[in-house]
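Asks:
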Amino acid sequence: MSVPSQAPGPGSGRTAGRAAPASGPGDRSDRDDPDGRLGRFATIWSRAIFPVTATSMTRPEVERHLLPLARKLSEALHRRPFDTAPGHEVGAALVAAHCTDPDALVRTLGVVDSYLVLYCAGEDESATGVEEHRARCARLQHAIAAGYAKALRERTLAEQEALARSSLLAASEAQRVLHATETRLRAVFEGAAIGIGIADLDGNILEVNEALMRMFGGLDQYMRGRKVSEWVHPEDTPHVWKLYGELVRGERESYRVEKPYYRTDGTVLWTNLTVSLLRDADGRPQYQLALMEDTTERRLLNLRLRYEATHDALTGLPNRTLFFERLEKALSAGDGMRFGLCYLDLDGFKAVNDSLGHSAGDRLLVEVADRLQSCATAPGEMVARLGGDEFVALTTGPDTRQEVDELAARILNALASPIRIEGRDLTVRGSIGIVEGPAGERGPAEVLRSADITMYRAKSAGGNRFETADAEADARAITRHGLTNALPAALERGEFFIEYQPLVHLGDGSVHGAEALVRWCHPQHGVLGPDRFIPLAEHTGLIVPLGRWVLEESVRQARFWQERHSDGGPLRINVNLSPMQLHHPGLVSDTVDVLERAGLEPGALCLEVTESALIGADDDLLKPLRQLAEMGVDIALDDFGTGYSNLANLRRLPVSVLKLDRSFTQSMQQHPADTVDVKIVEGIVSLAHSLSLAVTVEGVETGAQAAQLRELGCDTAQGWYYARPGAPDRIHSLLLADAV
11 MSVPSQAPGP
21 GSGRTAGRAA
31 PASGPGDRSD
41 RDDPDGRLGR
51 FATIWSRAIF
61 PVTATSMTRP
71 EVERHLLPLA
81 RKLSEALHRR
91 PFDTAPGHEV
101 GAALVAAHCT
111 DPDALVRTLG
121 VVDSYLVLYC
131 AGEDESATGV
141 EEHRARCARL
151 QHAIAAGYAK
161 ALRERTLAEQ
171 EALARSSLLA
181 ASEAQRVLHA
191 TETRLRAVFE
201 GAAIGIGIAD
211 LDGNILEVNE
221 ALMRMFGGLD
231 QYMRGRKVSE
241 WVHPEDTPHV
251 WKLYGELVRG
261 ERESYRVEKP
271 YYRTDGTVLW
281 TNLTVSLLRD
291 ADGRPQYQLA
301 LMEDTTERRL
311 LNLRLRYEAT
321 HDALTGLPNR
331 TLFFERLEKA
341 LSAGDGMRFG
351 LCYLDLDGFK
361 AVNDSLGHSA
371 GDRLLVEVAD
381 RLQSCATAPG
391 EMVARLGGDE
401 FVALTTGPDT
411 RQEVDELAAR
421 ILNALASPIR
431 IEGRDLTVRG
441 SIGIVEGPAG
451 ERGPAEVLRS
461 ADITMYRAKS
471 AGGNRFETAD
481 AEADARAITR
491 HGLTNALPAA
501 LERGEFFIEY
511 QPLVHLGDGS
521 VHGAEALVRW
531 CHPQHGVLGP
541 DRFIPLAEHT
551 GLIVPLGRWV
561 LEESVRQARF
571 WQERHSDGGP
581 LRINVNLSPM
591 QLHHPGLVSD
601 TVDVLERAGL
611 EPGALCLEVT
621 ESALIGADDD
631 LLKPLRQLAE
641 MGVDIALDDF
651 GTGYSNLANL
661 RRLPVSVLKL
671 DRSFTQSMQQ
681 HPADTVDVKI
691 VEGIVSLAHS
701 LSLAVTVEGV
711 ETGAQAAQLR
721 ELGCDTAQGW
731 YYARPGAPDR
741 IHSLLLADAV
């Protein structure tokens, strides 16, 4: 038998035992070493069968595995008496090593036929010896094939037996599992907490479980024999029955919906319904399976929670959440639709809470809510409470311009009648801001902000009225709000600076002093005058740290002037005090501290206080001013003549200067001056001098005005005629030749 073409090495037959190439399997050095020749035989064998062997071993590992088998064959070739049992063992060993491909046996026999005698016959090269070895080799090949076939057959029989045994076990297990599954499914069907029903494709109900019967009232005859299509409810959407039709036609496998049913007693059962299609073995639709969860109590609870989440607990009116939903819907309506919004805030409600208590305030709010609700009964109208004493009323429609005004008027009229609380008749007033316009242009937050701004404009105008939103007024209010929020950071970032306006002595035209005027260099709005931010600073309380900063900078500047100009001017710095600063407990100590750290004498400082801030001032308010006056600080009564104060009241005020308001001297800008104004100013100057008070005039803009005031005896003046407010280094470079 010859080796296959895939087997490496020299040719087959007896010629192979006679001669060999100079190198390769027949190398002389290999034949001289038995172990080397045996190893070479194992190498040729492994290379022949490795490509057709299903093994995870590498080719060298296969070679090492074949080496003991090669040794068995070599020993069998020389054994006496000759025995073919090793051949059988080698064939069985090949099957055990998973060399079960038929090609593996063919290649093994080819290698044994071609190379066993060549490498394992030994030194006996006589014709008799070679023939005997070749005969033994042939018988060993037969034994290998027989052992291989027997082992392969036994292995196949064992595998078939194991497969049959496994098949029987699997069938038995399948029957057991099927029985257990059916038992479990029946237990689930009967004991499930959710309702389960089975119907055919025509909608006939075939079977229902106990839970489903309990949901519908517990009557078996009420369930079986009926059709699914009979269980309709007025709140069913067409989409539900569209899904049902698609399912029974086999166009969908399942659907899930929320569906109501009528129970046997007529009450409504709300369910989460899942319907699935059951197909037969060939995939054809056969049954429909319904799983039904009772959600009635949960739905009622959700409705209750939704109501509580969207309605005010005190008044029962819709709250902010629901109102915003309605407003957003109104603002997103189609073309041609408009809206009107009334934003109501009760005037003086805090006084009711403070005087009668919150319980009385709550009862007042409930009565107000009832009255408001009676005002908004037309389609498209609603009333809501936003919180506290703030309410809103909304109207929608194609034309709300007149309707919203009428709604606001009805609200104010409804509030006009007194409300009796704890035996007292309380008069309720309200301020209303109205926003009206087409839908689709603004969002809810913007509309409500505009209404809120407009409401405060109505409140500032005296209350008990309504105002309509104005874009320019909104912009001004938004700017004020932005400035208010930016004030604290502006002070920290050093955005404020001071300009100084000279105070001129009317007698000789010399610079008597300067008034410090604070400015704000805003990053967006540029330089802002005090009228733009001082009221905001007073409202927020920032006026106290801002005022102290102005005082520190002004006093430091005054000290610098004194050091740089030995001629003595300007000798005085005037700094304005706000009413809030007058009430601050640290006014005296802060002023003393600033003067001492700067090294400025108290007489070089004049604090200006408006007349309106001191009207009706008691001794506690005047005490810090008296202390400062006793130290030598001058106190000037600013804007004198605008506060309607009693002139005799001047005697009790610790002031040393009257600053006459410009309204008294405006007529003197032209010649001749108004005689009445002249007499008034003359009387004020005479009164002031009789009380040892100096008189300063603001707003001097012409030479004629300055001359007239000088003739009337005024002491000092300031205004654009002399100089506009400017940087501190301009004070000593002013040209005041026309001042006298």
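Positions 11 to 750 (the working numbering) are the ones given, in order, by the sequence shown.
The C-beta atom is built at its ideal place from N, Cα and C for all residues, glycine as well.
Which one or two residues does DSSP pair with G440 in a beta bridge?
Replies: Answer is L356, bridged to G440.
Asks: State buried or exposed for P389, treating a residue as buried only when at least 16 other CB atoms are found within 10 Å of its CB.
Replies: It counts as exposed.
Asks: Can you check which of these residues, V278, L104, P448 and E171, is closest to R309 by C-alpha distance?
Replies: Checked all of V278, L104, P448 and E171; the closest Cα to R309 is V278.
Asks: Per the DSSP calculation, A300 is bridged to which residue(s)?
Replies: A300 pairs with G207 and V285.
Asks: Apart from the five residues just before and just after T494, which ones in its own chain have a Cβ nearer than 8 Å to its Cβ?
Replies: Correct list, in chain order: L546, H549 and T550.
Asks: Can you tell me which residues form a DSSP beta bridge with Q511?
Replies: Answer is E525.
Asks: Tell me H321's beta-bridge partners as DSSP assigns them.
Replies: In the DSSP output, where bridge partners are listed per residue, H321 has P328.
Asks: Could I get the ranges of all uninterrupted alpha helix (DSSP H) runs contained in the segment 612-639, with 4 residues as the minimum, in chain order?
Replies: Taking only runs of at least 4 residues, the alpha helix (DSSP H) segments lying wholly in the segment 612-639 are 621-624.
Asks: Quick one: Cα of E245 to Cα of C385, how far?
Replies: Looking at the two C-alpha atoms, the distance is approximately 33 Å.
Asks: Are there three or more Cβ pairs, one per stretch, closer than 8 Å when the segment 49-58 is compared with the segment 112-121?
Replies: In short, these stretches touch, since the Cβ pair count reaches three.
Asks: Cα separation between E261 and G255?
Replies: Cα to Cα, E261 sits roughly 9 Å from G255.
Asks: Report the CB separation of T726 from A704 in whole angstroms; it is logged as a contact under 8 Å.
Replies: Yes, T726 and A704 are in contact; Cβ-Cβ is about 7 Å, under 8 Å.
Asks: By the DSSP assignment, the alpha helix (DSSP H) with M225 in it spans what residues?
Replies: Per DSSP, M225 belongs to the alpha helix (DSSP H) from E220 to M225.
Asks: Given R266, which residues of its chain have a CB within under 6 Å of its CB, disregarding the five upstream and five downstream residues?
Replies: The answer, listed in chain order, is T284.
Asks: What do you reckon, are the CB atoms on Q298 and I208 nearer than 9 Å?
Replies: Yes; because the gap between Cβ atoms is below 9 Å, this pair is in contact.
Asks: Does DSSP put L605 in a helix, a strand or coil?
Replies: L605 falls in the helix class under three-state DSSP.
Asks: Consult DSSP for A394 and reduce its assignment to one of helix, strand or coil.
Replies: A394 falls in the strand class under three-state DSSP.
Asks: By how many angstroms is the C-alpha of Q511 removed from the C-alpha of R734?
Replies: If I take the Cα positions, the gap works out to 6 Å.
Asks: Under the rule that 16 or more other beta-carbon atoms within 10 Å means buried, what is Q774, buried or exposed?
Replies: The displayed coordinates of the chain run from 11 to 750. Any statement about residue 774 would go beyond what the structure contains.
Asks: How far does the beta strand (DSSP E) with R266 in it reach, from first residue to last?
Replies: Note, R266: beta strand (DSSP E), S264 to Y272.
Asks: Taking the Cβ atom as the reference point for each residue, do I431 and L301 lie within a distance shorter than 9 Å?
Replies: Contact flag unset, no.
Asks: Using a Cβ-Cβ cutoff of less than 7 Å, which residues in the same chain neighbour R273 once the five nearest sequence positions on both sides are dropped?
Replies: Excluding positions up to five away in sequence, the list reads F226, G227 and L279.
Asks: Using DSSP with H/G/I as helix, E/B as strand and the rest coil, what is V537?
Replies: Residue state, collapsed to three classes: strand.
Asks: Does the Cβ-Cβ distance between Y317 and G443 come in under 9 Å?
Replies: Against a cut-off of 9 Å, the Cβ pair of G443 and Y317 comes out as no contact.
Asks: For the alpha helix (DSSP H) containing I421, list its first residue and its last residue.
Replies: R411 to A426 is the span of the alpha helix (DSSP H), which, as asked, contains I421.
Asks: Return the first residue and the last residue of the beta strand (DSSP E) that R582 is part of.
Replies: R582 to L587 is the extent of the beta strand (DSSP E) around R582.
Asks: What do you reckon, are the CB atoms on H75 and K160 nearer than 9 Å?
Replies: Result no, Cβ atoms of H75 and K160 do not sit closer than 9 Å.
Asks: What residue range is occupied by the uninterrupted beta strand (DSSP E) comprising R459?
Replies: Taken as a continuous stretch (DSSP letters only), R459 belongs to no beta strand (DSSP E), being part of the alpha helix (DSSP H) at P454 to S470.
Asks: What residue from L631, M641, H593 and R582 has the CA that sits closest to D603's CA?
Replies: The residue with the shortest Cα to Cα distance from D603 is M641.
Asks: Can you give me the start and stop residues for the alpha helix (DSSP H) that A370 sits inside?
Replies: Start and end: H368 to C385.
Asks: From which residue to which residue does the alpha helix (DSSP H) around G49 run?
Replies: Here the alpha helix (DSSP H) through G49 covers P44 to I59.
Asks: For the alpha helix (DSSP H) containing V242, name the first residue and the last one.
Replies: Here V242 belongs to no alpha helix (DSSP H), and DSSP marks it neither H nor E.
Asks: Going by alpha carbons, who is nearest to K339 out of R566, R569, P454 and R411?
Replies: Here the closest residue by C-alpha is P454.
Asks: Let's see if you can read the secondary structure: which residues bound the beta strand (DSSP E) around A64?
Replies: First-last for A64: undefined, no H or E at that position.
Asks: If you draw a straight line from the alpha carbon of R434 to that of N423, how long is it in whole angstroms?
Replies: Computed Cα separation, rounded: 20 Å.
Asks: Got a sec? Which residues, its chain only, sit under 7 Å from E220 by beta carbon, not counting five neighbours each side?
Replies: The answer, listed in chain order, is E200.
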